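Student: Below: one structure in structure tokens.
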Amino acid sequence: MPFIRVSYLRHRYDEQRLNRVAESIMSALIEHFNVPKDDFFQVFHAHEPGEFYYSPNYLNVERTDGLLYIQITLKSGRTVEQKKRFYATLAELLARNAGIRKEDVFVVLVGTEYEDWTFGNGIAQMLEITQGKERAVHVASVDSE
Amino acid sequence: MPFIRVSYLRHRYDEQRLNRVAESIMSALIEHFNVPKDDFFQVFHAHEPGEFYYSPNYLNVERTDGLLYIQITLKSGRTVEQKKRFYATLAELLARNAGIRKEDVFVVLVGTEYEDWTFGNGIAQMLEITQGKERAVHVASVDSE
Amino acid sequence: MPFIRVSYLRHRYDEQRLNRVAESIMSALIEHFNVPKDDFFQVFHAHEPGEFYYSPNYLNVERTDGLLYIQITLKSGRTVEQKKRFYATLAELLARNAGIRKEDVFVVLVGTEYEDWTFGNGIAQMLEITQGKERAVHVASVDSE
């Protein structure tokens, strides 16, 4: 369910590297947020130098022009521990697979609910899936009485 | 009060078609979320192929390069039923007016409060309007005692 | 902690003016939201005319093509009064420093929590800082007993 927007400086990334970034983000989502493998929805925004600002050392993190702003809109409810592990893994994977400095991995998460999403066809799929599960659980508990 | 960001693949949409998309979104907002006709604030982001990722079949929805990522920041509090009807109407209108496959209509809503908006002039207009209404209701109820 | 996205019409702003916009936003954040001076994270999105829609007079505010859509993702919890003062100061600073009409300053705030951010290195820095403060306060209150 996550939808990801990544902002980057145009001259610092080519298509192949963006691809590795996308795959690294996806891997970290799968590992820590239980995101299905094919729940893959990401866009990248290229910026010119005059459109891209960052502090080079806020909180004693040394950032460079390779900085990635990764904004992830997702279902609320992930725990603090899950989020911490997600950040650590994401920085690790981006460093290993896309040659990005860990200092240049900036992330912000924005929470939403199941009813806030449609994945196509004008249907709120997550609502149907979760209600189906609740019904299934209810039926099962009734069955077991 | 909604503010809309739409991400699309550059080579798939021209200005005329974007225009129809914008109008279709507006119509669905008016119909289901009681948005005033002139509360019209939308931006579109063109992406190159290497900047635009999506699953071609997650949740059994067959998506194509015509996919639209429609992110809507709005006042929280719309009901689940309103949201479901909004998604259905939006897909219908985009199909009919802009020739978009319903499978290619991806939406995510992000909730906010009245105090989170200024529509210009440095004033939180929605706060003033809603406080005015509350005062009016209070006065009316006092009047009727 | 704020992360800012500003959408603007490409032909209306050059790099120097964007720079003044960025600095004005930062100044207003520092003044009203207690944002540290070097907590500076902003990106700007240029749009073509067919990608940029707005109402020219919703709520009796006369907008022009100089309009700025300023979306600020930040820690929730700022008061209504703080937000109102922020909007007023921001419009004032943008008018004075970047020659922007106050009518053309559109802002929407999106709230998040401390655990929703990493500023690099795969660490949720705000969590560590605030937990450190809580520990410090706890120790202090124990000390003073």
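Residue numbers (the numbering used here), protein chains in the order written: chain L, 1 to 145; chain Z, 1 to 145; chain R, 1 to 145.
We put the CB at the ideal spot given by N, CA and C, even for glycine.
Quantities reported herein were computed from a predicted structural model and do not represent experimental measurements.
Just to confirm before moving on: does the CB-CB distance between glycine 120 of chain R and lysine 102 of chain L stay below 8 Å?
Tutor: Yes, they are a contact pair.
Student: Closer than 7 Å by beta-carbon distance: list the chain Z residues that pair up with leucine 29 of chain L, in chain order.
Tutor: In chain order: nothing, as chain Z lies at least about 12 Å away.
Student: Classify histidine 11 of chain L as buried or exposed, calling it buried when 16 or more other Cβ atoms lie within 10 Å of its own Cβ.
Tutor: It is exposed - the Cβ of histidine 11 of chain L has fewer than 16 other Cβ atoms within 10 Å.
Student: In chain R, which residues lie with their C-beta within 9 Å of the C-beta of phenylalanine 218 of chain L?
Tutor: Residue 218 of chain L lies beyond the range of chain L shown here (1 to 145); nothing can be said about it.
Student: At 7 Å on the CB atoms, spell out the chain L contacts of aspartate 104 of chain Z, in chain order.
Tutor: Going along chain L in sequence order, the residues near aspartate 104 of chain Z (Cβ under 7 Å) are Gly120.
Student: What's the C-alpha gap between isoleucine 72 of chain L and leucine 74 of chain R?
Tutor: About 14 Å.
Student: Isoleucine 70 of chain L and isoleucine 30 of chain L look like a contact to me (Cβ under 8 Å); what is the Cβ gap, rounded to whole Å?
Tutor: Wrong, their Cβ atoms sit about 16 Å apart, outside the cutoff.
Student: Quick one: which chain R residues come within Cβ less than 7 Å of alanine 91 of chain L?
Tutor: The answer, in chain order, is Asn121 and Gly122.
Student: State the DSSP-derived secondary structure class of tyrosine 13 of chain L, mapped to helix, strand or coil.
Tutor: In this structure, tyrosine 13 of chain L counts as coil in the three-state DSSP scheme.
Student: Which residue comes first and which comes last in the beta strand (DSSP E) that contains tyrosine 58 of chain L?
Tutor: No beta strand (DSSP E) contains tyrosine 58 of chain L, which DSSP labels as neither H nor E.
Student: Are the C-beta of valine 6 of chain R and some C-beta of chain Z separated by less than 8 Å?
Tutor: Closer than 8 Å: no.
Student: Three Cβ pairs or more, each shorter than 8 Å: is that satisfied between the stretch 2-10 of chain L and the stretch 35-54 of chain L?
Tutor: The stretch 2-10 of chain L is in contact with the stretch 35-54 of chain L.
Student: What residues from chain R crowd round threonine 73 of chain Z, counting only those whose CB sits closer than 9 Å?
Tutor: Chain R residues near threonine 73 of chain Z: Gln71, Val108 and Val110.
Student: Distance, Cα to Cα, phenylalanine 106 of chain R vs phenylalanine 41 of chain Z?
Tutor: If you take the alpha carbons of phenylalanine 106 of chain R and phenylalanine 41 of chain Z, they lie about 10 Å apart.
Student: Mind pulling the alpha helix (DSSP H) runs of 4 or more residues that sit fully within the stretch 52-132 of chain Z?
Tutor: Fully enclosed alpha helix (DSSP H) runs of 4 or longer: 80-98.
Student: Just to check my reading of the structure: histidine 122 of chain Z and leucine 90 of chain R have Cβ atoms closer than 8 Å, yes? What is that Cβ distance to the nearest angstrom?
Tutor: At residue 122 of chain Z the sequence reads glycine, which differs from the histidine that was named. With 8 Å as the limit, glycine 122 of chain Z and leucine 90 of chain R qualify as a contact, their Cβ atoms being about 7 Å apart.
Student: Could you tell me the distance, in whole angstroms, from the CA atom of threonine 112 of chain R to the CA atom of leucine 109 of chain L?
Tutor: Threonine 112 of chain R and leucine 109 of chain L: Cα-Cα distance of roughly 7 Å.
Student: Would you mind stating whether phenylalanine 86 of chain L and phenylalanine 3 of chain L have Cβ atoms separated by less than 8 Å?
Tutor: No; because the gap between Cβ atoms is not below 8 Å, this pair is not in contact.
Student: Where does valine 35 of chain Z sit, in a helix, a strand or coil, going by DSSP?
Tutor: Coil, per DSSP.
Student: For alanine 95 of chain L, which residues from the same chain have a beta carbon less than 6 Å from its beta carbon, with the 5 sequence-adjacent residues on both sides left out?
Tutor: So the qualifying residues of the chain are Lys102.
Student: Just the C-alpha distance for leucine 67 of chain R and arginine 17 of chain R, rounded to the nearest angstrom, thanks.
Tutor: Going from the Cα of leucine 67 of chain R to the Cα of arginine 17 of chain R covers about 13 Å.
Student: Identify the residues that DSSP records as bridge partners of arginine 5 of chain Z: which are they?
Tutor: Note: arginine 5 of chain Z sits in a beta bridge opposite Z:Val43 and Z:Gln71.
Student: For a cutoff of 8 Å on Cβ pairs, would you count arginine 63 of chain L as touching chain R?
Tutor: Judged by the 8 Å Cβ criterion, arginine 63 of chain L is in contact with chain R.
Student: Taking only beta-carbon positions, decide if asparagine 57 of chain Z is within less than 8 Å of chain L.
Tutor: Judged by the 8 Å Cβ criterion, asparagine 57 of chain Z is in contact with chain L.
Student: Would a C-beta distance cut-off of 8 Å place aspartate 39 of chain R and tyrosine 58 of chain L closer than the cut-off?
Tutor: Going by C-beta atoms, aspartate 39 of chain R is nearer than 8 Å to tyrosine 58 of chain L.
Student: Starting from the Cα of valine 35 of chain Z, find the closest Cα among Z:Ser76, Z:Pro56, Z:Ser55 and Z:Glu92 and give me that residue.
Tutor: Of the listed residues, the one whose Cα sits closest to valine 35 of chain Z is Z:Ser76.
Student: Please report the straight-line C-alpha distance between aspartate 65 of chain Z and glutamate 128 of chain L, rounded to a whole angstrom.
Tutor: Using only the alpha carbons, I get a separation of about 26 Å.
Student: Short of 8 Å in beta carbon distance, which residues of its chain neighbour glutamate 23 of chain L, apart from the five on each side in sequence? Order them along the chain.
Tutor: The answer, listed in chain order, is Asn97.
Student: Taking 8 Å as the threshold (beta carbon to beta carbon), is glutamine 125 of chain L in contact with chain Z?
Tutor: Yes - at least one Cβ of chain Z is within 8 Å of the one on glutamine 125 of chain L.
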